[in-house]
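Enquirer: Residue numbers (this note's numbering), protein chains in the order written: chain A, 157 to 403; chain B, 5 to 159.
The structure follows.
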């Protein structure tokens, strides 16, 4: 390697480090410094609700409710921001991860949701991948949770997870028979806090941005399969050879 | 009901809260009032004041020995963990008082450090008035009703 190349790498490394630090500071400020005043607003609004609320006019009651709801929403979003910012992937800690076992765990975590929706989850032959087990579990958790959440009315969710190889790597496909993604929204689904159900803060979208960040951390990517018409299909692309399954 | 149980019901319990945020302290006071708990709340503004309270120093010459201590982990002067270390030191007279650490974050490092220094519980700070009342009820039902705490005064 020429000394110039070496220098450039060092400079870029430093740049990445300082950006990471900047981002961490930002996330810290959001989680700590913003929390206190928000807590105060919420406490004040809830205090008003618990003391003398009944004697107020309907408009005043409505305003207090708006404060309570708004503060709760901000709080939810902040929790998501912090959890998103905490996703850090260090390729040095990667190991062989059996995706079958990961999916079993995810089904366990989502047991109630799966039972309530009477969802069927079909896991086909899927490989062992080289990566980080905890965050990959999160990817599948988010995808399957979404697939159940956005099922068609009156149609029991069927989710199929399969895999195929392509030149340069392998793909994991997660397909469902749900409502699908409207073409107009396709660009937005990987953006933070975008939601298909506006007005419902508990649905605010952080799952897919998380998946995107995690897949990028694995040197891969996630995208929507435009050719799939029976619902939604996400493709997770991993680069490199598939590690042998019999380790 | 045994006499001891009845006596437990009649007792008031002194809770000492160290909280530097004035607004949070205000809401804590109101929430304790609202919850009508059998807990008498005392508030100090930082760790140094808390230690003075325990030792009956300065203006605290008539302060009672608390049954329970709640410490905000982020405080100026003497921070939460440092205060905890003093209370739980081997030769401390107060190490038998249960201490609950309060924090706005669930950072693993804070949680680990708290328990490593003998905190009795680590809890997230309440996020609103309703949440705080729930917190107080939870403290009362666990630390006061269910748990037997050491007693110092003669019956």
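Each residue gets a CB set at the ideal place from its N, CA and C atoms; glycine is no exception.
If we ignore side chains and look at the alpha-carbon of each, how far apart do residue 15 (chain B) and residue 28 (chain B) end up?
Expert: Whole-angstrom Cα-Cα distance: 27 Å.
Enquirer: Does the beta carbon of residue 27 (chain B) sit closer than 9 Å to a beta carbon anywhere in chain A?
Expert: Taking Cβ atoms only, chain A reaches closer than 9 Å to residue 27 (chain B), which makes this a yes.
Enquirer: Using C-beta distances below 7 Å, list every residue in its chain close to residue 117 (chain B), excluding the 5 sequence neighbours before and after it, in chain order.
Expert: If we look at residue 117 (chain B) and ignore the five residues flanking it on each side, its Cβ neighbours are 85.
Enquirer: Does DSSP classify residue 320 (chain A) as helix, strand or coil?
Expert: DSSP places residue 320 (chain A) in strand when its eight states are reduced to three.
Enquirer: Within 10 Å of its beta-carbon, does residue 274 (chain A) have 16 or more other beta-carbons around it, so buried, or fewer, so exposed?
Expert: Per the 10 Å Cβ criterion, exposed.
Enquirer: Would you identify the three-state DSSP class for residue 412 (chain A), choosing helix, strand or coil?
Expert: The requested residue 412 (chain A) does not occur in the structure, where chain A is confined to residues 157 to 403.
Enquirer: With three or more beta-carbon pairs closer than 8 Å as the criterion, would you say the segment 188 to 198 of chain A touches the segment 102 to 119 of chain B?
Expert: Yes, since at least three Cβ pairs between the segment 188 to 198 of chain A and the segment 102 to 119 of chain B fall closer than 8 Å, the two stretches touch.
Enquirer: Just the C-alpha distance for residue 383 (chain A) and residue 141 (chain B), rounded to the nearest angstrom, thanks.
Expert: Straight-line Cα distance between these residues: approximately 55 Å.
Enquirer: Looking only at its chain, what residues have a beta carbon closer than 6 Å to the beta carbon of residue 139 (chain B), apart from the 5 residues adjacent to it on each side?
Expert: Within the same chain, residue 139 (chain B) has close Cβ partners 130.
Enquirer: Which residues bound the beta strand (DSSP E) around residue 58 (chain B)?
Expert: No beta strand (DSSP E) contains residue 58 (chain B), which is instead part of the alpha helix (DSSP H) from 51 to 59.
Enquirer: Where are the alpha helix (DSSP H) runs, 4 residues long or more, that stay fully inside the segment 30 to 98 of chain B, in chain order?
Expert: Listed in chain order, the complete alpha helix (DSSP H) runs (minimum 4 residues) inside the segment 30 to 98 of chain B are 51 to 59, 84 to 91.
Enquirer: Roughly how many angstroms lie between the CA atoms of residue 279 (chain A) and residue 316 (chain A), to the nearest whole one?
Expert: Those two C-alpha atoms are separated by around 6 Å.
Enquirer: In whole angstroms, what separates the C-alpha of residue 229 (chain A) from that of residue 91 (chain B)?
Expert: Whole-angstrom Cα-Cα distance: 38 Å.
Enquirer: Is residue 212 (chain A) close to chain B? Criterion is C-beta to C-beta, closer than 9 Å.
Expert: Judged by the 9 Å Cβ criterion, residue 212 (chain A) is not in contact with chain B.
Enquirer: In angstroms with no decimal places, state the Cα-to-Cα distance between residue 21 (chain B) and residue 276 (chain A).
Expert: Approximately 51 Å between the Cα atoms of the pair.
Enquirer: Buried or exposed for residue 6 (chain B), please, with buried defined as at least 16 other CB atoms from any protein chain shown within 10 angstroms of its CB.
Expert: Exposed.
Enquirer: For residue 60 (chain B), I'd like the list of residues in its chain whose CB is within less than 8 Å of its CB, leaving aside the five on either flank, ordered along the chain.
Expert: Contacts found: 66, 67.
Enquirer: Under 8 Å by Cβ, that's how I've got residue 58 (chain B) and residue 17 (chain B) pegged, so tell me the actual separation to the nearest angstrom.
Expert: That belief does not hold up - the Cβ atoms of residue 58 (chain B) and residue 17 (chain B) are roughly 16 Å apart, past 8 Å.
Enquirer: Go ahead and pull the three-state DSSP assignment for residue 304 (chain A).
Expert: Residue 304 (chain A): helix per DSSP, three-state reduction.
Enquirer: Nearest CA to the CA of residue 255 (chain A): which residue from A:377, A:290, A:177?
Expert: It is A:290 whose Cα lies nearest to the Cα of residue 255 (chain A).
Enquirer: Would you check if the segment 250 to 265 of chain A and the segment 215 to 222 of chain A touch, i.e. whether three or more CB-CB distances between them fall below 8 Å?
Expert: Not touching, per the Cβ criterion.
Enquirer: Could you tell me whether any Cβ in chain B is nearer than 9 Å to the Cβ of residue 186 (chain A)?
Expert: Judged by the 9 Å Cβ criterion, residue 186 (chain A) is not in contact with chain B.
Enquirer: Is the Cβ of residue 133 (chain B) closer than 9 Å to any Cβ of chain A?
Expert: Closer than 9 Å to some Cβ of chain A, the Cβ of residue 133 (chain B) qualifies, so yes.
Enquirer: Buried or exposed: where does residue 369 (chain A) fall if 16 or more other Cβ atoms within 10 Å of its Cβ makes it buried?
Expert: Looking at its Cβ environment, which holds 16 or more other Cβ atoms inside 10 Å, residue 369 (chain A) is buried.
Enquirer: Per the DSSP calculation, residue 329 (chain A) is bridged to which residue(s)?
Expert: BP columns for residue 329 (chain A) point to A:318, A:391.
Enquirer: Looking at chain B, is there any beta carbon in it that lies within less than 9 Å of the beta carbon of residue 183 (chain A)?
Expert: Chain B contact via Cβ: absent.
Enquirer: For the segment 267 to 307 of chain A, list the beta strand (DSSP E) runs that are entirely contained and at least 3 residues long, ordered along the chain.
Expert: Complete beta strand (DSSP E) runs here, min 3: 276 to 279, 284 to 287.
Enquirer: Please name the residue in B:64, B:124, B:143, B:69 whose C-alpha comes closest to that of residue 39 (chain B).
Expert: Closest option to residue 39 (chain B), Cα to Cα, is B:143.
Enquirer: Which residue wins for smallest C-alpha separation from residue 247 (chain A), given the options A:288, A:312, A:183, A:263?
Expert: Taking only the C-alpha atoms, the option nearest residue 247 (chain A) is A:288.
Enquirer: Please name the residues in the segment 103 to 128 of chain B whose beta-carbon is closer than 8 Å to at least one beta-carbon of chain A, in chain order.
Expert: Within the segment 103 to 128 of chain B, the residues whose Cβ lies closer than 8 Å to some Cβ of chain A are 108, 109, listed in chain order.
Enquirer: Using the beta-carbon of each residue, which ones in chain A are nearer than 9 Å to residue 38 (chain B)?
Expert: In chain order: 203, 206, 207.
Enquirer: What residues from chain A crowd round residue 98 (chain B), counting only those whose CB sits closer than 7 Å?
Expert: Under the 7 Å cutoff, chain A gives no residues; its nearest Cβ is about 28 Å from residue 98 (chain B).
Enquirer: Which same chain residues end up closer than 8 Å to residue 88 (chain B) when comparing Cβ atoms and leaving out the 5 residues on each side of it in sequence?
Expert: Counting only Cβ-Cβ distances below 8 Å, and skipping sequence neighbours, we find 75, 103, 105, 118, 121, 122, 123.
Enquirer: In this structure, how does DSSP classify residue 378 (chain A) when only helix, strand and coil are distinguished?
Expert: Reduced to three states, the DSSP call for residue 378 (chain A) is strand.
Enquirer: Where do the N-terminal and C-terminal ends of the alpha helix (DSSP H) with residue 184 (chain A) fall, by residue?
Expert: Unbroken alpha helix (DSSP H) run through residue 184 (chain A): 159 to 184.
Enquirer: Starting from residue 177 (chain A), find everything on chain B with Cβ-Cβ shorter than 8 Å and list it in chain order.
Expert: Result: empty, since nearest Cβ-Cβ is about 17 Å, beyond 8 Å.
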